[in-house]
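Novice: Protein chains in written order, with the working numbering: chain A, 19 to 88; chain B, 1378 to 1522.
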Amino acid sequence: MSSTGYNYERFDRYVESGEEMAEFASFPGHLHAGDPAPDASLTVLNDGTHVRLSDLWVDRNLVVEFGSFT
Amino acid sequence: MFLYTREAHPGELVGAHDSFDAKLANARLLRDEIGIRRPILVDDLEGTAHRAYGLLPNMSWVIGRGGRIIYKSDWTSAANVEAFLTRYEGGRARRPSAGSVGPYLTEQVEFRDIDREAFYQRLQRNGPRAYDEFKGAEDIWRART
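1. Taking only beta-carbon atoms, is G47 of chain A less than 7 Å away from chain B?
2. With S44 of chain A and G1431 of chain B assumed to form a contact (beta carbons below 8 Å), what rounded beta-carbon distance in angstroms separates them?
3. What does a CB cutoff of less than 6 Å around I1447 of chain B pick up in its chain, not counting 5 residues either side in sequence?
4. Could you tell me if T1483 of chain B is buried or exposed, where buried requires 16 or more neighbouring beta carbons within 10 angstroms of its beta carbon?
5. Listing by chain order, which chain B residues have their CB less than 7 Å from the CB of R28 of chain A?
6. Could you tell me whether any Cβ in chain B is nearer than 7 Å to the Cβ of D107 of chain A?
7. Could you check the C-alpha separation between A1385 of chain B and H1394 of chain B for me, to the nearest Å?
8. What does V1449 of chain B pair with, by DSSP beta-bridge criteria?
9. Would you list, in chain order, the members of the stretch 1418 to 1436 of chain B that have their beta-carbon closer than 8 Å to a beta-carbon of chain A?
10. If you reduce the DSSP assignment to three classes, tell me which class D76 of chain A lands in.
11. Counting only C-beta atoms, is G1444 of chain B closer than 7 Å to chain A at any point?
12. Could you say which of B:R1506, B:A1456, B:A1399, B:E1423 lies nearest to Y24 of chain A if we only look at CA atoms?
13. Going by the CB atoms, is the gap between R1405 of chain B and F1379 of chain B shorter than 7 Å?
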């Protein structure tokens, strides 16, 4: 588990801890085009239902942008 | 689709999620304040999906029909994703031509536009401390180079 926790409170501490740097450094080696996509269960914001990524990619190319309010 | 993760820059007004309800409330701001029209899907509080894909704050991925990764980027450029999809779908459409079209993989460095002023405003919208902490982080990054 990380030193700052997943839902870190302070961005500067998260950077200072080296976690942010480690995550960017790992990214190129983690999962590649051609690999099976990890599946996940998510909550649909508009109606609160649950959906799996695999339900969505079954019949389309699925574009997934990850992000938050900033 | 937009997959909502932890708040990258928590502040006094839009903070780190301490419950799933808080995470849903923040996710609604994306739809209601920023005006995102794409479906917004919310990861669990522990960030399971976010972790599976690498934990970066604004990645874009494209998963091909059937569940293979066909595009990954560590930051998001909508223009780059769209151009990729045009090429990819064009290539797929041509493939029935007996052996004359085949897939290949690349890795490449690309450039994206950054609107720093708009980003600073978004930090302030999360709360003054989100802005201050980002400025603190800039000092840390600068010291590392």
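The beta carbon of each residue, even a glycine, is placed where N, CA and C say it ideally should be.
All figures in this text were calculated on a predicted structure; none of them were measured in a lab.
Specialist: On the basis of the data shown:
1. no
2. 7 Å
3. V1439, G1441
4. exposed
5. E1510
6. Look at the range of chain A in this structure, 19 to 88, and you will see that residue 107 of chain A is not part of it.
7. 11 Å
8. Looking at the sequence provided, one finds Lys at residue 1449 of chain B rather than Val. Answer is B:W1438, bridged to K1449 of chain B.
9. L1418, V1419, D1420, D1421, L1422, E1423, G1424, T1425, A1426, H1427, R1428, A1429, Y1430, G1431, L1432, L1433, P1434, N1435, M1436
10. It is worth fixing the name first, because residue 76 of chain A is Val in this sequence and not Asp. V76 of chain A: coil per DSSP, three-state reduction.
11. yes
12. B:E1423
13. no
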